[in-house]
Ligand SMILES: Cc1ncc(C[n+]2csc(CCOP(=O)(O)OP(=O)(O)O)c2C)c(N)n1
Ligand SMILES: Cc1ncc(C[n+]2csc(CCOP(=O)(O)OP(=O)(O)O)c2C)c(N)n1
Ligand SMILES: [Mg+2]
Ligand SMILES: [Mg+2]
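Protein chains in written order, with our numbering: chain E, -16 to 345; chain V, -16 to 345; chain G, 15 to 339; chain Y, 15 to 339.
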């Protein structure tokens, strides 16, 4: 995961890496890059994982608060899917591999370098939002430098874009991997079928990563598919389907990492399903009490991936409570700074609606 | 297969059933309705099978000749797929079950009651063509009385129509089955996925019947799908996939018959793949020498389903050569009559282009 | 008092249709839970098995409705947002629109596709679109776009009873905004009839959906300035009430066509062209179209959204210009 | 002699593009074997690996081309018949057309979608359609529809070089029918420019594709009767050369817009509306549109097909009426 510092723009107020080195007074806390037993991840990676997950959740929480206060129009969040997102994105080579995400993938964007400030520019549809400059709803990601593909609200179309990128890369012998994401409900669409079919025929370097959070708005998974696992759908294409516990960031990373490298080596596409759970309503516009039993929600809340990972790190003695609390506090400050900063930033002007319908012919 | 006579319009010149009874001078030739060992089909059914297949092929041959003579604009034929079509359609209850066919399904239409004359009206786009009155290209079937669904040229859309019919039937507790057909290439389209997904979720009484004839115009099967069998695609939906030798009319019937009745009884959809071969070019517009090895064609020609079935009936002593020759002759006359008759029939008038864009509000 | 909003008018009409005809059923995403706009709220419980959640697949929602209608049912499909109907374009264009034509009316499709369209709700590019221009150019499909609750009711009824596929457009901004005392509403209208909602001698405005309300508001304002406007609520775009359109154009000789959709290729071009051909002698001024700029509909940020959408002010300004011509 | 037909002009241009730029590749159904119209004949052999058969799935052809273009390739997608592009409507409308807009030009799509359109070949309802009206109403997509081989060549080149998605419409009836001595053809044209192909003082015709040729033939005949026509070859429908359109309308004051597509909602409405708004003072007669009747395009039987399609006779008749106005 090289380039970690480089990918964080200078204007970023809090530098986790700085913090880490400031902390290394005690021998045991010299964060190592060597794999830790039971985790197959280094201390440094584990710390980052927690930080990314925590930041993603806190940003989402703050966005929702802004929305409730009438300071943001709309939020669609990844709460409950942070492990699935952070674990997967950390398996990519940033700046090399491509991501065609979906709207919930704030966590992936953060791993690939999006700052809290940028996330807030996006949420508030500010003129400088690097994703769409206020032209699209929040959570419609896109970044040229981070190789994140622009997306619409229309679910599953991105699976074909990812396939097309992979086709281009294969034609150019470019050793990249494309990770593309969607929800389980979105696998019902024809574009899902057409993408997997093409990618498998041409053995393209693309990973179809489905975050099965149990619902498509109000519809539980059984209304979207007649098989138990999204991963089962891979059989129609001879694609290896894998299921991973999407509430467990370590398991996700350990599943994605070899898949990414196998795919890079020309083994063809994967279909990976991360079983997770949408802890919140579909969006700030949705009232999930209409369709979701509170009991089910309460049970899943016990598996909250951010809480569980924190607990595990403590129980396994990987980090001390104060160390994680320090990260929590850091994130809190980072988010507070981002909100304050972003709110001061300029809104788009009305006439900014115009322009760039076509790119100028060079 | 009740209603056999009733389904053949009176203007039909040759009545196979009449011929059969005229023939029963010899005791052994009293065609029985009891199942014949090794066939599980009655003599009467076997004779019909041969007749339908022969008629389908002869009609196609004559259509192609008309096209070469400039007397018809376009032909798309089922040559090589007669066994797959006749065996499957004979498993349906005519007038009860529904068919959402595809363009090659002349054989199915014949089983369900289309006469040679009607087929020729269609080929010549005559004003009285019961399918589309000259509005559509030939081989775009449709009949209200026979429960054959109107279709466009856009492949695979009919799979969704069939699913919708099955949904309606299930809502009304109507014990019918819908058979819908397409080629293997057409299974690449999103509509295929969406139809199978919905039908499986709702356990609808629909059979997806794919006639895998090896090519989608110039593209061999490997360019359309990454798995060996179309039937493998069923796994994505938990749908039973079955493969049958589509060159063997008896095997086709024996596969479809129980599937039809199981489906009728509420067991949910089937995906059945008939392995067959397109013996001719894609259509009268196509030149298959550009892409199809002659050797391959010659090998498959040896398995011509009409020829092979004839041979088998003779070898097994089911029918005597003269008996089959009599059917052949009957078919020849029937086709000749149909062509002569249809050619005299009126063409649509130019203004017939107008009207029926909307059905009148009652 | 029988004042209802647009959403209530739709919900009640659906409820009635489900009660009156057991061939009617509803299919779409999240409709069992009431739909994202609550148009089907409570209906699944009141009509068990007849309000059906579909998987997230628009081509299938349309294609399956086609099959069911062909079988003899009367499906009412809901496309969650008009912006997501595009994946069903083929089923509508190649299939639904041609079913009757290609069988000379022997086979036909009594089906309705309801969908919320239009902007003004911060829906951004994919929850705000106007789609009428695509479907008014598809012979065989009827397109209906009411503005007032009573018309929503009578036209939805008529759409369900119609033996043809009807695209029933519901302007989402008006769902709760526009209310009407239905008991005292104008007489029921039928598909294919426009209504002259306001009469004035100076110029004629044509509109539908939210823009009709903006035109009425602008006319009110203009009346204060001495400019009297005729306002035509088109109601049904396909079939279009060409006679009323031409009559209303001839009445004033000055025409302002307003729509929320982008200008180029929008439905306003058809209105303008019809008038330029068939009411030419009566025209006293260029035919003016007021529409959204030619950018992909519509930006999310409220400032850009407001820039995009025609509204009362922009309409009044265009009308003043036209009146002064 | 450098006389080539439309198909040859296209094939040679594709061949050149593949040779000159190794980011260019072709994707579509049956393209490796040369395509059903033979537009890609021989190219798979000459450019190994760069002419790619796709599965039979139009949404994927467009969606994958989007991805490849985004990556940095220059895909040229072939949709076998324009009639089958409908399943790709969503990818074109929701995605391709908005890629640049929604990223303020940071992300963009240099891609071409070629497709044979139009009738006159006994293709029936699904091998004859005109689709331009749907895409000219999609800001972000360019739409090009040439008539002569030299323009096919220069506009296809320009389309491949363009950083935006271009829908390149090839009238299938003209593929082998229309020939031109390319060496002596008019200068190269660029996307967004129309051409006044013939000048005459009595009236102005606007057309593209096959209808342009019918208009020229009709004008020839009318000249014999003393009616002199201006004929505008629109060439590029989006962006449209509005200036030339208005100038040509003003020149004669009488306008006949001709297209093969059905009337209501067709692209002719846009032309008429532009003229009715911006050249109103110059008009001496109603703006006349000649188009196919509003039925699903187009019946198969040759008699009905001929009834459906505008042609030289129908154009001449309409022009006579207009000239006499
Ligand atoms: C083609 C399309 N249809 C409908 C919608 C409206 N919609 C937005 S999200 C969503 C549910 C998606 O469910 P899933 O794929 O499981 O993803 P999740 O939101 O659960 O992460 C729907 C129906 C859409 N965005 N696109
Ligand atoms: C959506 C669509 N795309 C393209 C075509 C053109 N086309 C007609 S038949 C055909 C091949 C179909 O192959 P397959 O499904 O295997 O059926 P077969 O003709 O082999 O029986 C193609 C590409 C079409 N009719 N519909
Ligand atoms: Mg989900
Ligand atoms: Mg085939």
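Where is the CB? At the ideal position from N, CA and C, for every residue including glycine.
Residue i versus residue j: straight-line alpha-carbon distance, rounded
i	j	result
residue 100 of chain V	residue 338 of chain V	25 Å
residue 88 of chain V	residue 188 of chain Y	32 Å
residue 29 of chain Y	residue 57 of chain Y	7 Å
residue 192 of chain Y	residue 21 of chain Y	9 Å
residue 329 of chain G	residue 199 of chain V	54 Å
residue 311 of chain Y	residue 91 of chain V	28 Å
residue 72 of chain Y	residue 101 of chain Y	6 Å
residue 138 of chain Y	residue 330 of chain V	15 Å
residue 143 of chain V	residue 163 of chain V	9 Å
residue 2 of chain E	residue 38 of chain E	Low per-residue confidence applies at residue 2 of chain E: pLDDT is 43, beneath 50, and the placement is therefore not dependable, though the value from the model is reported in the following sentence. Cα to Cα, the separation comes out at about 15 Å.
residue 321 of chain E	residue 168 of chain E	33 Å
residue 298 of chain Y	residue 284 of chain Y	19 Å
residue 111 of chain Y	residue 197 of chain G	45 Å
residue 335 of chain Y	residue 335 of chain V	26 Å
residue 230 of chain G	residue 17 of chain G	19 Å
residue 177 of chain Y	residue 125 of chain Y	7 Å
residue 158 of chain E	residue 75 of chain Y	23 Å
residue 137 of chain V	residue 20 of chain E	57 Å
Contacts around residue i, its chain only, beta-carbon distance under 6 Å, and the 5 residues preceding and following it disregarded
i	result
residue 223 of chain E	253
residue 41 of chain V	314 and 318
residue 199 of chain Y	164
Any chain E beta carbon closer than 8 Å to residue i
i	result
residue 172 of chain V	yes
residue 152 of chain G	no
residue 165 of chain Y	no
residue 326 of chain V	no
residue 98 of chain Y	no
residue 327 of chain G	no
8 Å Cβ cut-off: residues of chain C touching residue i
i	result
residue 220 of chain E	Protein chains E, V, G and Y are contained in the structure displayed, whereas chain C is not.
Same chain, Cβ closer than 7 Å to residue i, five either side skipped, listed in chain order
i	result
residue 32 of chain Y	38, 57, 61 and 64
residue 17 of chain E	25
Cβ neighbours of residue i in the same chain (closer than 8 Å, five flanking residues each side left out)
i	result
residue 237 of chain G	214 and 243
residue 255 of chain G	206, 207, 208, 248 and 249
Within-8 Å CB hit, residue i to chain V
i	result
residue 219 of chain Y	no
residue 48 of chain Y	yes
residue 120 of chain G	yes
residue 80 of chain G	yes
Integer-rounded CB distance, given that residue j should sit under 8 Å from residue i
i	j	result
residue 155 of chain Y	residue 252 of chain Y	7 Å
residue 95 of chain V	residue 77 of chain V	5 Å
residue 106 of chain E	residue 69 of chain E	Going by Cβ atoms, the distance from residue 106 of chain E to residue 69 of chain E rounds to 19 Å, so no, they are not a contact pair.
residue 71 of chain V	residue 259 of chain V	With 8 Å as the limit, residue 71 of chain V and residue 259 of chain V do not qualify as a contact, their Cβ atoms being about 11 Å apart.
residue 134 of chain G	residue 183 of chain G	About 15 Å separates the two Cβ atoms, so there is no contact after all.
Cβ-heavy atom distance, residue i to ligand 5, below 7 Å
i	result
residue 261 of chain E	Absence of ligand 5 is noted for the structure shown, with ligand 1, ligand 2, ligand 3 and ligand 4 being the only ligands found.
CB contact check: residue i to chain G, cutoff 8 Å
i	result
residue 104 of chain Y	yes
Min CB distance residue i to chain Y below 8 Å
i	result
residue 184 of chain E	yes
**By C-beta, the residues closer than 6 Å to any heavy atom of ligand 4, given in chain order** = V:166, V:167, V:168, V:196, V:198 and V:199
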